[in-house]
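**Student:** First residue of the sequence shown? That's 1 in full-length UniProt numbering, and the numbers climb one at a time after it.
Beta carbons are placed, not taken as given, at the ideal position from N, Cα and C, and that holds for glycine.
Keep in mind it's a predicted model, so treat the numbers as computed, not measured.
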Amino acid sequence: MTQTTSKHRTSMDPRGRTLSAWLDMVHWPTIADRTPEQARSDYQVLVSTTTRRTVGGWRRSTRAIVDDGVQVPVRVYWPRRFDVRRSARDDRPIVVWLHGGGFVVGDLFTADQMCRKIANYSGAVVVSADYRRTPESPLAAAHEDARTVVRWAYDHARVLGADPRRLIVAGDSAGGNLAAALTQHFRDDATARIAGQVLVYPATDLTLSHMDDHAANGFFDVNAIDWFGTHSLAGVDRTDPAISPLLAASHANLPPAHIVVGGADPFCPDGRAYAEALEKAGNEVVCEEYPRQIHGFVDMDAMFPAGHAALASMARTISMIAPVAEAPVPAEASSPIRWSSSLIEAGTRLDEAWLRTPMVNTGRIMSTLAAEYWRRPPVSAAGALTSVARSVRLGSRPKRTETPRIETCGVETRAVETRSTAASSDSAPNSNTPAGKQD
């Protein structure tokens, strides 16, 4: 694996150190010791326990049909207090959200709260794509599914209450990789026109030549990245621009980009480098860096207030995306949307609500720890306390500093400082589309 070590290390947010210390203290298994199925379960627990829950809005499930008969499950989310069945308004943005998870983990369940928040905060219609994952399917299948969902969203935008000329692709981590690749694909393919892209800590160079080695932070280190690479990139040409958008021959004529990176994330240089490439090619770019934040902080907004701030900024960008002037408006979609039955929808909602309960998550955590206890000798209490004290640096708090302005290769990267308390973070960034109440 090729990697570049930065000349300086960005310290983690104290919450990130606390999370890492807790994982060490309880002897949580590293992802290198997990199978894909176990890692998927772990990721569901992580998201369920660290994501601020949002209610309001509503969703429906269906499947986008591919020409060869392959079906891609999708969920459609509408903002709170908006009913597409009764509203004549169809000028809202439409967002295709592609979940993260290294192409191996993540699904509609783990992306559910993120999509609800984007819909509620921005007023957009959000389409969440459940693309095929590796290693069961080749990496190319994920890209094919993502393209299919974009075409489906573009063709059915009017039916969904949105403007096809305001189509945005967005995603986090591996989903950010897919979103960046989609903008390049549809730049040259007129079957859909993309008006904007939102990339959250994206992996844009799968050769990892821009990756910053933050192995010391223990939460998302090079060993974890190697594990994902083993399960998703085996036999794949990592230099192919179709999967490494940063390596494309041209970045010209791409839609406006909003890029979010965390200062303590190994993929922070990836986001910066892609912002630089887009800016040099004459595109409109905003790159926001959140100091000391780890990979995944936006998804874990119950633990990291910076995640809520980043989400609010993303929502503002989405709400202000201008229509693509030269984009042809698709005719009425020839194929009607076949929504899932009400019974199936209700069953799915109950099942996912059950998976989010503390009782279920506690049981899943204890089961994992019990299995790990018998697999390895437990850590001593003295060693655990020493690890916690060293990692968390008990009693220390980060000093508030003036927000720095970082110039990165000609692209202004806004380093965003956030308050340590989330007392005011429940307010929606768009007064016309207030956020749902928080549980």
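Secondary structure at residue 441, three-state DSSP: helix, strand or coil?
**Tutor:** Because the chain in this structure spans residues 1 to 439, residue 441 falls outside the shown range and cannot be described.
**Student:** Apart from the five residues on each side of it in sequence, which residues of its chain come closer than 7 Å, Cβ to Cβ, to Tyr43?
**Tutor:** Numbered from 1 along the sequence shown, position 43 holds the residue referred to as residue 43. Closer than 7 Å at Cβ, skipping near neighbours: Gly101, Val105, Gly106, Thr110.
**Student:** Between the Cα of Phe220 and those of Ser173, Ala248, Gln197, spot the shortest distance and give me the residue it belongs to.
**Tutor:** In the sequence shown, residue 220 corresponds to position 220, counting from 1. Residue Ser173 is the option with its Cα nearest to Phe220.
**Student:** Is Ser232 helix, strand or coil when you go by DSSP?
**Tutor:** Numbered from 1 along the sequence shown, position 232 holds the residue referred to as residue 232. Ser232 falls in the helix class under three-state DSSP.
**Student:** Assign Gly71 to buried or exposed, taking buried as 16 or more other Cβ atoms, counted over all protein chains shown, within 10 Å of its Cβ.
**Tutor:** The residue you call residue 71 lines up with position 71 of the sequence shown. In the sequence under discussion, the amino acid at residue 71 is Gln, which differs from the Gly named in the question. Burial call: exposed.
**Student:** Buried or exposed for Met12, going by 16 or more other Cβ atoms inside 10 Å?
**Tutor:** In the sequence shown, residue 12 corresponds to position 12, counting from 1. It counts as buried.
**Student:** So Gln197 and Ala257 are in contact, right, with Cβ under 8 Å, and what is the actual spacing, rounded?
**Tutor:** Position 197 of the sequence shown, counting from 1, holds the residue named residue 197. Position 257 of the sequence shown, counting from 1, holds the residue named residue 257. The beta carbons of Gln197 and Ala257 sit about 5 Å from each other, so the pair counts as a contact at 8 Å.
**Student:** Does DSSP classify Ala157 as helix, strand or coil?
**Tutor:** Mapped onto the sequence shown, residue 157 falls at position 157. Looking at Ala157 - three-state DSSP - the assignment turns out to be coil, as it is neither helix nor strand.
**Student:** With Val47 as the anchor, note down where its alpha helix (DSSP H) starts and where it stops.
**Tutor:** Here residue 47 corresponds to residue number 47 of the sequence shown, with the count starting at 1. Counting along the chain, the alpha helix (DSSP H) containing Val47 begins and ends at 36-50.
**Student:** Leaving out five residues on either side along the sequence, give the residues of the same chain with a beta carbon under 6 Å from the beta carbon of Gly16.
**Tutor:** For the purposes of this step, residue 16 is identified with residue 16 of the sequence shown, where counting begins at 1. Contacts found: Ile294.
**Student:** Can you tell me the Cβ-Cβ gap for Gly263 and Leu199, rounded? I've got them flagged as a contact below 8 Å.
**Tutor:** As a working note, residue 263 is residue 263 in the sequence shown. As a working note, residue 199 is residue 199 in the sequence shown. Going by Cβ atoms, the distance from Gly263 to Leu199 rounds to 16 Å, so no, they are not a contact pair.
**Student:** Per DSSP, what kind of secondary structure is Ala180 in: helix, strand or coil?
**Tutor:** For the purposes of this step, residue 180 is taken as the residue at position 180 of the sequence shown. Three-state result, Ala180: helix.
**Student:** Whole angstroms is fine: what's the gap from Trp374's alpha carbon to Ser367's?
**Tutor:** Here residue 374 is taken as the residue at index 374 of the sequence shown, counted from 1. Here residue 367 is taken as the residue at index 367 of the sequence shown, counted from 1. Taken atom to atom, the span from the alpha-carbon of Trp374 to that of Ser367 is near 11 Å.
**Student:** With DSSP as the reference, please indicate the residues paired to Leu167 in a beta bridge.
**Tutor:** Counting from 1 along the sequence shown, the entry for residue 167 is found at position 167. DSSP lists Ile94 as partners of Leu167.
**Student:** Shortest alpha-carbon distance to Thr239 belongs to which of Leu233, Leu247, Ser232?
**Tutor:** Start at 1 with the first residue of the sequence shown, and residue 239 comes out as number 239. Ranking Leu233, Leu247, Ser232 by Cα distance to Thr239 puts Leu247 first.
**Student:** Just tell me which of Ala277, Leu350, Met303 has its CA closest to the CA of Val47.
**Tutor:** Here residue 47 refers to the residue found at position 47 when the sequence shown is read from its first residue. The shortest Cα separation from Val47 among Ala277, Leu350, Met303 belongs to Met303.
**Student:** Report yes or no: do the region 189-196 and the region 348-363 share at least 3 C-beta pairs separated by less than 8 Å?
**Tutor:** Short answer: they don't touch.
**Student:** I think Pro73 touches Leu108, with their Cβ atoms under 8 Å apart; what is that distance to the nearest whole Å?
**Tutor:** As a position in the sequence shown, residue 73 is number 73, starting the count at 1. As a position in the sequence shown, residue 108 is number 108, starting the count at 1. So it is a contact: roughly 7 Å between Cβ atoms.
**Student:** Quick test of your reading: Val95 and Val126, contact by CB under 8 Å. State the CB separation rounded to the nearest angstrom.
**Tutor:** Position 95 of the sequence shown, counting from 1, holds the residue named residue 95. Position 126 of the sequence shown, counting from 1, holds the residue named residue 126. Right, the Cβ-Cβ distance comes to about 5 Å (below 8 Å), so this counts as a contact.
**Student:** If you drop the 5 nearest sequence neighbours on each side, which residues of the same chain put their C-beta closer than 6 Å to that of Tyr115?
**Tutor:** Counting from 1 along the sequence shown, the entry for residue 115 is found at position 115. Inspection of the sequence shows that residue 115 is occupied by Cys rather than by Tyr. The residues are Tyr77, Trp97, Val126, Ser128.
**Student:** Is it right to say Leu182 is buried, meaning 16 or more other beta carbons lie within 10 angstroms of its own, or is it exposed?
**Tutor:** On the sequence shown, position 182 is the one that residue 182 refers to. Buried: at least 16 other Cβ atoms inside 10 Å.
**Student:** Answer yes or no: do Val260 and Met314 have a C-beta to C-beta separation smaller than 8 Å?
**Tutor:** The residue given as residue 260 occupies position 260 in the sequence shown. The residue given as residue 314 occupies position 314 in the sequence shown. Contact flag set, yes.
**Student:** Could you check the C-alpha separation between Thr362 and Glu136 for me, to the nearest Å?
**Tutor:** Position 362 of the sequence shown, counted from the first residue, corresponds to residue 362. Position 136 of the sequence shown, counted from the first residue, corresponds to residue 136. Spanning the two alpha carbons is a distance of roughly 29 Å.
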